[in-house]
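One structure is given below, encoded as structure tokens.
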Amino acid sequence: MKGELSRKILAISILCLLIGSFFTPSIKGADPLPPPDLKSPGKPEGKWDRISTLTPTFEWNAVPGATEYGLYISRYADPYKQYSKLVFNSQDYTDISLTGTSFDLPAGFLNPGISYRWNMNSFNGEEWGPTSDRLYFNTSIANGGVRGIDVSEWQGRIDWDELCRWEDDEGRHIEFAYVRATYGIYNLLATIEANSEGEILYHEDNDIFANGYEWWHVRFGDRTGWMAENYIEKLDNPADKEFVPGDKVKTVTSCNLRTLPGIIENGAIDSRLNENMDGIRAHNTGLSGTDRLLAGVYHFARPGLNDAVSEARHFVAVAGDYIKPGFLRPMLDLEEVGFDSAWVHLFIKTVEQLTGAEPLIYILPSWADDYLDDSVGVYDLWTTRPLYGPSPCPPNYFPEVAAQTSIRWDRWVIWQYGVTDEHSRNLPGVNVDNLPESYAVDLDVFNGDRAALEELLIAGYSPLDVYILVDLSGSFADDLPIFKVQAPNIISNLKATYPGARFGLGKFEDYPIWPFGDASSGDKAYERLIDLTFDTDAVLSCISGLFTRYGVDEPQSQLPALYQAATGAGQDLSGVGFPGASIPPGQQANFRDGATKLFVLWTDAPFHNPGDPGTIPYPGPSFDETVEAIKSLDP
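So the number in our numbering is just where the residue sits in the sequence shown, counting from 1, plus 1.
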């Protein structure tokens, strides 16, 4: 009876559990909440909104049940590639909790003249819901930006006074100009073997003189071009140099056929460079403030034809007078295929090394995507209107993709926006009579105000020249290994701080006159080992091969070494019976004009004074004479 009752109780309990399972609701988390409706700033896609602040207030409608909201702001780029870069995520900051319906964005997240999009989602206390649709907005540039122009020989003769009186639709006049200085070109067409037969062709420039030669338009096989007459002769009369079209000729040696008369290896010069820069200088006479036109120069690159170093050196050789303090930083114009990031880096570093000024990069955003990588983002960007945007762009139009690429830059410095069709043919002071009807003169806007633009001016740059003098007398033997370790670090650190620095190296033991030094050991009072150079590898290689000699007594020839390095005067000791102790002239450190000149003296011993006793009185200069010689480097 008792066992049967237990079984009944157990059965009833199971039944109750089964019945309860039908009527008890299941326990689960709340459903994700919908995103909030966005209010401002911005408009739906395709309807861009421009805001005048970099610290806007973001507003949205509340979502019932939401305990927090997430805010996500992205820099928007190429609409075809649908790329964006997240610049703000509220969930990344523990001190930010969006519980209301508005948020004041702190400074530092947005940049001027850039396009952004933003969206949000809601948090129900357990999980985040889906994100909302986006709103889009552009940030304005400071005070509407500063207007400028870039020109080349294509614009012909420019009346800068008249041009600078012109105002755009917003009443702004031109405050800066960039002038093309050089463009890359390499006119070697082919190398023609000796004794190859060809023909003189008609050309109005035949017999033109360039680079020390008379040039003729010729055909060799299926190639036509220009050849210097020194390398060709008539088949029927080699001595006759009076060529006429139709003459049959042959090459007297292997020589080059060129696309243009003359030898152009690294680049060409814009024919109106100096005329334009002189015109700007004349315009600025007596002017100040915003009436004064700021000017800089640029190089149109041809990376597919030349190496970067050659083009950079040619640019500086031609336009170096305009890449100095008081001028705007130079610009590298990238519009021809064949470039990559390595080419760009090498060109910019070479110009910076030679002038101390880092060029800006001018490039179409889509080309930056196609040819460059993230590493070029360290350089300032000068962009142009996109191929898929309005062309030409009105002055107040900043396209949503201007200056933005799928990688690289978070801001642009200058934007070439062109002008309206009406202005393109009627810009005062600019001659466009010889240009195609569709041509638009290039107008530019700087992304900031005048004060910010003036920060692009090259400052009072003083390149650094460092000449190291090292003691190689016998007593320095235990210090030389330390020098070989420390000197490369010093050179590396100085080069990193001063990209245009040059280094040179000299050494001394002492005069090979007893007891100052020993002739049989090869002692010298001074010798320049390597003159000042950008080639730090050559300097470091020279340092690694140093070894000590003798330098008999304790004091050494520091003063003669410094004096000779400063003056290169040389010293003839044959008159006192020691011609082998003479110091050849011309061993000075060739410091650059305007450079900061630094001597680094590495020694472990005191210096000799003139008249110290020996076989002859010590023949070196005094301390005061040495100081004066060094000071005279910068009188």
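A virtual CB, placed ideally from N, CA and C, is assigned to each residue, including glycine.
| query | result |
| --- | --- |
| Please name the residue or residues paired with HIS174 in a DSSP beta bridge. | GLU168 |
| Relative to the alpha-carbon of THR568, which residue among ASP524, LEU347, THR627, HIS609 has its alpha-carbon at the smallest distance? | THR627 |
| Who are the near neighbours of LEU634 in its chain, counting only those whose CB is closer than 8 Å to its CB and skipping five residues on each side? | ALA567, PHE592, LYS598 |
| Check for me: the beta strand (DSSP E) holding HIS218 runs from which residue to which? | 214-221 |
| Would you mind reading off the limits of the beta strand (DSSP E) that contains ASN120? | 116-124 |
| Around the Cβ of GLY43, are there at least 16 other Cβ atoms within 10 angstroms (buried) or fewer (exposed)? | buried |
| Would you check whether the ligand SAH has a heavy atom nearer than 7 Å to the C-beta of VAL442? | Only the bare structure without any ligand can be found here, which leaves the ligand SAH out of the picture. |
| Residues bridged to HIS300 by DSSP? | THR183, LEU333 |
| Where does SER75 sit, in a helix, a strand or coil, going by DSSP? | strand |
| Check for me: the beta strand (DSSP E) holding GLY587 runs from which residue to which? | Element bounds for GLY587: n/a, residue is neither H nor E. |
| Can you name, in chain order, every residue of its own chain whose Cβ lies under 6 Å from the Cβ of LEU495, other than the five neighbours on each side? | ALA502 |
| Could you say which of THR385, TRP413, PHE624 lies nearest to ARG76 if we only look at CA atoms? | TRP413 |
| Please identify the residue among TRP161, PRO556, ALA630 whose C-alpha is closest to the C-alpha of PHE509. | PRO556 |
| Using the C-alpha atoms, what's the distance from SER133 back to ASP445? | 37 Å |
| In whole angstroms, what separates the C-alpha of GLY268 from that of VAL471? | 41 Å |
| Does DSSP put ILE492 in a helix, a strand or coil? | helix |
| If you pair each beta-carbon of the region 450-458 with each one of the region 151-159, do three or more pairs fall below 8 Å? | no |
| Rounded to whole angstroms, what is the Cα-Cα separation between SER623 and ALA570? | 15 Å |
| Is the beta carbon of TYR179 closer than 8 Å to that of GLY297? | yes |
| My output table needs one value for ASP151: the three-state DSSP class, helix, strand or coil. | strand |
| Would DSSP call GLY621 helix, strand or coil? | coil |
| Go through its chain and collect everything with a Cβ distance to ASP371's Cβ below 6 Å, but skip five positions before and after it. | none |
| Does DSSP classify LYS82 as helix, strand or coil? | Only weak support is given to the placement of LYS82: the predicted model assigns it a pLDDT of 43, under 50, and the question is left unresolved by the model. |
| Would you call the region 205-213 and the region 161-179 touching, i.e. three or more CB-CB distances under 8 Å? | no |
| Taking 7 Å as the limit between beta carbons, can you name the residues of its chain near MET332, skipping five residues before and five after? | TYR179, GLY297, TYR299, PRO360, LEU361, TYR363, TRP383 |
| Just to confirm the assignment, what range does the alpha helix (DSSP H) spanning SER545 have? | 537-545 |
| Starting from ASN257, trace the beta strand (DSSP E) both ways and give me its first and last residue. | 256-259 |
| Beta-carbon separation of TRP217 and PHE244 under 8 Å? | yes |
| So does the region 601-611 actually touch the region 473-488, counting three or more Cβ pairs closer than 8 Å? | yes |
| Please classify SER558: is it buried, with 16 or more other beta-carbons within 10 angstroms of its beta-carbon, or exposed? | buried |
| Using a threshold of 8 Å, state whether the C-beta atoms of GLY461 and ASP160 are closer than that. | no |
| How is ALA283 classed by DSSP in three states: helix, strand or coil? | helix |
| Excluding the 5 residues preceding and the 5 following THR58 in the sequence, name in chain order all residues of the same chain whose CB lies nearer than 6 Å to its CB. | SER103, ASP105 |
| So, using beta-carbon positions, are LYS664 and ASN62 closer together than 8 Å? | A question about residue 664 goes unanswered here, because the residues of the chain that appear run from 2 up to 636. |
| Cα separation between HIS424 and ASP443? | Low local confidence applies: a pLDDT of 48 at HIS424 is under 50, so the model's placement there is unreliable, with the coordinate-based value given in what follows. Each residue's Cα considered, the two are about 11 Å apart. |
| Please look up how many angstroms separate the CB atoms of VAL345 and VAL377, rounded, as I've assumed it's under 8 Å. | 6 Å |
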